[in-house]
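Worksheet: one structure, shown below.
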Amino acid sequence: STVICVFEKDAIEIDEDLLANSARSLETLVYVGMKLGVSKKQANVGLPNLQNCVLQ
Amino acid sequence: GQGSSREDSSSASESSSASSSRRSRMKQRLHRRRHRSRSNSSSHHKHLAAEDFVGIALLSLLRAEMKFKDKWLACLSFGEQTFRTHTSDQTDKPVWNAEKKLLLDKNGPRVARISVFETNKMHKNTLIGYCEIDLLEFLTRELESDSSPECETLNLLDPSSPDKVVGEISVSISVEDPIETEKSFARRILSIVDYNEDGHLSLSEFSDLITAFGNQVAANKKEEMFKAADKNGDGVVSMDELADLLAIQQEKEPLINCCPVCGETLEVPDKLNHMIHLSLCFDEGTGKQVMTGGFLTDKQANYGWMFKLSEWAHFSSYDVGLNSGSSGSHILVFDRRTKRLVEELIDGKIALSMRAIYQSKLGLGLMDTGAKELLQSISEKQGRKMNSVESAKDIPTFIEFFKDQLNLAEVKHPLEHFKTFNQFFVRELKPGARPVACPERDDVAVCGADCRLTAFRSVDDSLRFWIKGRKFSVQGLLGKDICSSTFIDGTLVIFRLAPQDYHRFHSPVSGTVEQFVKVPGCLYTVNPIAVNSKYCNVFTENKRVVSIISTAEFGKVAFVAIGATMVGSITFLKKEGDHVKKGDEFGYFSFGG
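Protein sequences, first through last, are from chains A and B.
For the first sequence, my numbering gives the first residue as 1, with consecutive numbering after it.
For the second sequence, my numbering gives the first residue as 1001, with consecutive numbering after it.
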């Protein structure tokens, strides 16, 4: 059996080690609760959202 | 009838034998081999030598006479395979009339063992009697006597006291005409690769056939071979022309390098042996044989040959030590906890079968001949079995088999708690057995299952490195109603569970469950061999349930639980509108269809 999670575009930054293994076509043995990735929303905290910026 | 008469064109008298009986042609073939052997070695053989022992034997289990009434089935074991008949009615004179073709090979097995079981729905089948037949001895005797009987009655012996006769079984053994074997082989492969069913092979159909035979010749070489085969120059290859090609080309430069059904490499340069092997494999694959088979032992004969197409074959055969020794193939996995590469063993035959079926157009063509339904039916049957009280007795064996990979200390309930195997299979773990990373931070997503994981920033990456099914798309996976444009370019994480894994899945994020959509489908294996096949689209064709979790930190997350061979039952523990916290139990997979 398999579970597939699809995240919206640019919603998550997956942990680098998982991406690196997958890019070598290598599966990673993991357990429930291990870290998968971080929300990009949070990863980008501190950066101004240019769309909301107003020239004064 | 093209092939074998050409095999030894020096013998003019043989061509006149075309109208003789099946057995006499076999005798002539054997005679030819003896003659060749004599002229080569100058030695004289009064009896059949081992090298004469080749061909297809038709062995029929006709009927038996037992000493009490019951429901009976018989198993025929030959070499590494076992085949079984259907179960008779309640009687002391069961009639099966079940026929099986067996490959007689000079280096292969000679002794066939027949076992007769009484069956009982509530208990295991019980072996009542058995007998053994030395086929070489039987057929040699037949050849030396022109009036040898087709049918023979053999005593069935008590397995615990072999001196005691517990019944009789009637069998018939004959030899298939080699010319007929070659003819039917050419007819059969033509019909399988002849996609437009016009009775001829076009160049592209011909190319697919050569590829399916494991032949890596270049495209221009294929075209050259095609032109050579197309003797009358009509632009297509007919059955006769194909048979000619197989006969002539195979002797010059082997055309058939591997069997497209079982994946076995055909190394012995013997055209007839190849055809016999392939004919038997095709018979097995298309279910045309009266007896079903493909099992290693008569114990396994209660299961279907389709087990070979799934990693779950391990499950049915954990007590025969399949995944050991040099026959094992490997799937490499990186253990994130220990930071080491580990090998997952898979039986070589299973891997080859899966490759042959899932990674070839020809193999998947076989799937269309009823195998999908068979996978469904096997899974449903297995579900019923694993929900029965009797199945609980399999739990200790399963634990022993996977002892290095199962940690019973973390299981919530003691073993006595599990009344069926399925209950054990979906076992809960003790609180804290799976610590959740950064529990207070909902912006950190976690792994949703004990599994082998692959993750890709985009679908394009997933197609480049992992999913090779040509028809894979996020829209196909999620369905039109759920799929939005942001998912189409989204990030993909694949959690693959293996038989020994903890089978509950957990939510990777915190949020609200918006909806569940059930998508019906097949139950192909989700093994990487199938996922990596360009012909097979397991993720978009398998049965699945798509759920959407709405989150504050990640937007919407699609969570797709996909069923597979044997483990096709998907249960969710949350319902629409429920709030889930990351790490919460979300559902489980269990045995069933």
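Glycine residues also receive a C-beta, built at the ideal position from the N, C-alpha and C atoms.
These numbers come from a predicted model, not from an experiment.
State the Cα-Cα distance for the pair residue i and residue j, rounded to the nearest angstrom.
i	j	result
B/ILE1114	B/GLU1400	31 Å
B/GLN1475	B/LYS1556	15 Å
B/GLY1479	B/ALA1112	52 Å
B/GLU1176	B/ARG1084	21 Å
A/TYR31	A/VAL6	19 Å
B/ARG1023	B/SER1174	Bear in mind that the predicted position of B/ARG1023 carries a pLDDT of just 45, short of 50, making it unreliable; the figure below should be weighed with that in mind. B/ARG1023 and B/SER1174: Cα-Cα distance of roughly 8 Å.
B/ALA1449	B/VAL1517	20 Å
B/SER1569	B/ARG1336	29 Å
B/VAL1236	B/THR1211	18 Å
B/ILE1169	B/ASP1105	25 Å
B/LEU1154	B/THR1565	40 Å
B/ASP1158	B/ILE1133	16 Å
B/HIS1200	B/GLY1055	28 Å
B/GLY1098	B/THR1126	The question names Gly, but residue 1098 of chain B in the sequence shown is Ala. Each residue's Cα considered, the two are about 20 Å apart.
B/LEU1375	B/GLY1469	20 Å
B/VAL1333	B/ARG1434	20 Å
B/GLN1500	B/ASN1532	22 Å
B/THR1486	A/ALA11	9 Å
B/ILE1529	B/THR1119	36 Å
B/ASP1404	B/VAL1567	22 Å
B/THR1525	B/GLU1152	43 Å
How would you label residue i, buried or exposed, when you count the other beta carbons within 10 angstroms and need 16 or more for buried?
i	result
B/THR1338	exposed
B/HIS1506	buried
B/ARG1038	Unreliable placement is indicated for B/ARG1038, whose pLDDT of 33 sits below 50; no coordinate value is reported for it.
B/ALA1139	Correcting the residue type first, residue 1139 of chain B is Leu in the shown sequence and not Ala. Looking at its Cβ environment, which holds 16 or more other Cβ atoms inside 10 Å, B/LEU1139 is buried.
B/PHE1460	Contrary to the premise, residue 1460 of chain B reads as Asp rather than Phe in this sequence. With fewer than 16 Cβ atoms within 10 Å of its Cβ, B/ASP1460 is classed as exposed.
B/PRO1162	exposed
B/LYS1227	exposed
B/ASP1230	buried
B/GLY1383	buried
B/THR1397	exposed
Who are the Cβ neighbours of residue i in its own chain at under 7 Å, not counting the five residues just before and after it?
i	result
B/ASN1387	THR1420 and ASN1422
B/LEU1477	PHE1539, THR1540 and VAL1560
A/ILE14	LEU36 and GLY37
Is there a Cβ from chain B that is less than 8 Å from the Cβ of residue i?
i	result
A/LEU27	Looking at the sequence shown, residue 27 of chain A is not Leu but Glu. So yes, A/GLU27 belongs to the interface.
A/GLU8	yes
A/GLY46	Because A/GLY46 carries a pLDDT of 47, less than 50, the predicted location of this residue cannot be relied on, and the following value inherits that uncertainty. A/GLY46 does not count as touching chain B.
Please state whether the Cβ-Cβ distance between residue i and residue j is less than 8 Å.
i	j	result
B/PHE1591	A/VAL3	no
B/GLU1585	B/ARG1504	yes
B/ALA1064	B/LEU1135	no
B/VAL1546	B/PRO1508	no
B/LEU1059	B/LEU1076	yes
B/VAL1493	B/LEU1453	yes
B/GLY1593	B/THR1571	no
B/GLN1171	B/LEU1062	Just to set this straight, residue 1171 of chain B is Val in the shown sequence, not Gln. Yes, the pair counts as a contact, with Cβ atoms nearer than the cut-off.
B/VAL1513	B/ILE1549	yes
B/SER1510	B/VAL1580	yes
B/PHE1589	B/LEU1497	yes
A/LYS41	B/GLU1553	yes
B/LYS1100	B/THR1087	no
B/ASN1527	B/PHE1472	no
Quick one: does residue i have its CB under 8 Å from some CB of chain A?
i	result
B/THR1491	yes
B/TRP1466	yes
B/ARG1457	yes
B/LEU1463	no
B/CYS1447	yes
B/VAL1389	no
B/VAL1517	no
B/HIS1506	yes
B/PRO1435	yes
B/VAL1411	no
B/LYS1556	yes
B/ASP954	Only positions 1001 to 1593 of chain B appear in this structure, which leaves residue 954 of chain B out of reach.
B/GLU1440	no
B/CYS1131	no
For residue i, which residues of its own chain have a beta-carbon under 8 Å away from its beta-carbon, when the five flanking residues on both sides are left out?
i	result
A/THR28	ASP17, LEU18, ASN21 and SER22
B/PHE1219	Before going further, note that residue 1219 of chain B is Ala rather than Phe in the sequence given. Result list for B/ALA1219: SER1207, in chain order.
B/LEU1245	MET1225, ALA1228, ALA1229, VAL1237 and LEU1255
B/PRO1520	LYS1543
Flag residue i as yes when its Cβ comes closer than 7 Å to any non-hydrogen atom of the ligand SAM, and as no otherwise.
i	result
B/THR1119	In the structure shown, the ligand SAM is absent, as is every other ligand, since no ligand is present at all.
Sorted by chain position, which residues of the same chain lie with C-beta nearer than 6 Å to residue i's C-beta, five sequence neighbours on each side aside?
i	result
B/CYS1522	LYS1372, GLU1541 and ASN1542
B/MET1066	ASP1092 and GLY1167
B/THR1491	ARG1457
B/ARG1427	VAL1411
B/ASP1394	PHE1421
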